[in-house]
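Numbering (my numbering), first residue to last: 184 to 425. Each residue gets a CB set at the ideal place from its N, CA and C atoms; glycine is no exception. None of the values given here were measured: they were computed from a predicted structure.
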């Protein structure tokens with residue numbers, strides 16, 4: 184069962200606005216997004232809900248269209264511009280109430296060495312940043328040594344590893360082994376085109392998710408467990424969110 188969302192159920196009017204945001208991202212219509220965002224702000228609508236059930240939901244659909252080869256890189260970039268148009272308008276009005284419990288919110292994220300793709304990583308970064316996390320983005324093609332160095336230096340409780348190329352999966356496994364040895368207190372999550380939640384677990388990570396929003400909720404679940412119990416048990420070490 185999915186944990187409850189940290190926002191109320193949308194009213195019928197809210198639902199129309201959420202649909203407008205989603206459609207605006209998918210159709211890279213920045214004017215429509217600006218109009219919807221102004222209405223959302225004037226209505227004092229929950230902006231956290233607007234971002235995740237509107238903008239992020241739209242980008243999830245864009246990702247599906249990209250995977251199906253209905254959209255290509257130019258469309259992807261225009262959709263991302265549309266998303267950030269809305270995000271820049273809504274973010275100043277957000278209330279950082281995700282997760283409930285007080286947890287350390289430092290995150291390290293990067294694409295594994297050899298992987299030059301960063302659109303998915305940037306999406307995850309945006310979601311965590313919006314939720315109030317302090318995110319160190321190490322960019323693309325990040326070496327194993329740099330991942331480990333920053334994890335040890337910052338004592339970050341959460342490491343997010345992006346991998347969009349099947350040829351890079353062995354490096355992810357090697358990184359996970361080194362992180363568990365040198366930064367044993369950190370929660371490790373891996374994801375990407377060729378790494379689903381179960382794949383991430385089988386590679387030795389603590390969790391995984393199929394999209395950016397699910398990654399946030401799964402991370403909060405595990406960080407909250409660590410905050411209460413001091414560590415993640417093997418039984419907790421399972422993705423609970425589809």
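List the whole-angstrom C-beta distance separating residue 204 from residue 238, where the pair is believed to meet the contact cut-off of C-beta under 8 Å. Along the chain shown, one-based indexing puts residue 204 at 21. Along the chain shown, one-based indexing puts residue 238 at 55. Residue 238 and residue 204 do touch by the CB rule: their CB atoms are close to 5 Å apart, below 8 Å.
Taking the CB atoms as reference points, tell me whether residue 426 and residue 259 lie closer together than 8 Å. Nothing about residue 426 can be read from this structure; the chain reaches only from 184 to 425.
Would you mind stating whether residue 345 and residue 298 have Cβ atoms separated by less than 8 Å? As a position in the chain shown, residue 345 is number 162, starting the count at 1. As a position in the chain shown, residue 298 is number 115, starting the count at 1. Cβ atoms of residue 345 and residue 298: closer than 8 Å.
Please state the DSSP three-state secondary structure of residue 372. Looking up residue 372 in the chain shown gives position 189. Correct three-state label for residue 372: strand.
Closer than 6 Å by C-beta to residue 335: which residues in its own chain qualify, once you throw out the five before and the five after it? Chain order, please. Against the chain shown, residue 335 aligns to sequence position 152. Correct list, in chain order: 365, 366.
Please give me, in chain order, every unbroken run of the beta strand (DSSP E) with length at least 3 that falls completely inside the region 295-353. 317-320, 341-345
Going by beta-carbon coordinates alone, are residue 198 and residue 241 separated by less than 8 Å? Here residue 198 refers to the residue found at position 15 of the chain shown. Here residue 241 refers to the residue found at position 58 of the chain shown. Going by C-beta atoms, residue 198 is not nearer than 8 Å to residue 241.
Let me check one thing: in DSSP terms, what residues is residue 289 bridge-paired to? One-based indexing of the chain shown puts residue 289 at position 106. Note: residue 289 sits in a beta bridge opposite 317.
List the endpoints of the continuous alpha helix (DSSP H) containing residue 383. In the chain shown, the residue the question calls residue 383 occupies position 200. Residues 380-385.
From the DSSP secondary-structure annotation, give me the bridge partner or partners of residue 390. Mapped onto the chain shown, residue 390 falls at position 207. For residue 390, which the question treats as bridged, DSSP gives the partners 372.
Helix, strand or coil at residue 267 according to DSSP, with G and I counted as helix: Along the chain shown, read from residue 1 onward, the residue named residue 267 stands at position 84. When secondary structure is reduced to three states using DSSP, residue 267 falls in the helix class.
Count the other C-beta atoms from every protein chain shown that fall within 10 angstroms of the C-beta of residue 354, then say buried if there are 16 or more, exposed otherwise. Numbered from its first residue, the chain shown carries residue 354 at position 171. Residue 354 comes out buried.
Rounded to the nearest angstrom, how far is the Cβ of residue 318 from that of residue 396, given a contact under 8 Å? Sequence index remark: in the chain shown, residue 318 carries index 135 (1-based). Sequence index remark: in the chain shown, residue 396 carries index 213 (1-based). Wrong, their Cβ atoms sit about 15 Å apart, outside the cutoff.
Helix, strand or coil: how does DSSP classify residue 195 here? Walking along the chain shown from the start, residue 195 turns up at place 12. Helix, per DSSP.
Could you have a look at residue 229 and say whether DSSP puts it in helix, strand or coil? As a first step, residue 229 is located in the chain shown; it is residue number 46 there, counting from the start. Correct three-state label for residue 229: coil.
For residue 256, which option in 300, 375, 341 has the closest C-alpha, if you only look at C-alpha atoms? For the purposes of this step, residue 256 is identified with residue 73 of the chain shown, where counting begins at 1. Minimum Cα distance to residue 256 is reached at 300.
Checking 8 Å against the spacing of the C-beta atoms, do residue 384 and residue 371 come in under that value? Looking up residue 384 in the chain shown gives position 201. Looking up residue 371 in the chain shown gives position 188. For residue 384 and residue 371, no; Cβs fall outside 8 Å.
By how many angstroms is the C-alpha of residue 341 removed from the C-alpha of residue 369? Start at 1 with the first residue of the chain shown, and residue 369 comes out as number 186. Start at 1 with the first residue of the chain shown, and residue 341 comes out as number 158. When rounded, the distance between both Cα atoms is 5 Å.
Is residue 367 helix, strand or coil by DSSP? Residue 367 sits at position 184 when you count from the first residue of the chain shown. Coil at residue 367, not helix or strand.
Could you check whether residue 377 and residue 352 sit closer than 8 Å to each other, using their CB atoms as the reference points? One-based indexing of the chain shown puts residue 352 at position 169. One-based indexing of the chain shown puts residue 377 at position 194. Yes; because the gap between Cβ atoms is below 8 Å, this pair is in contact.
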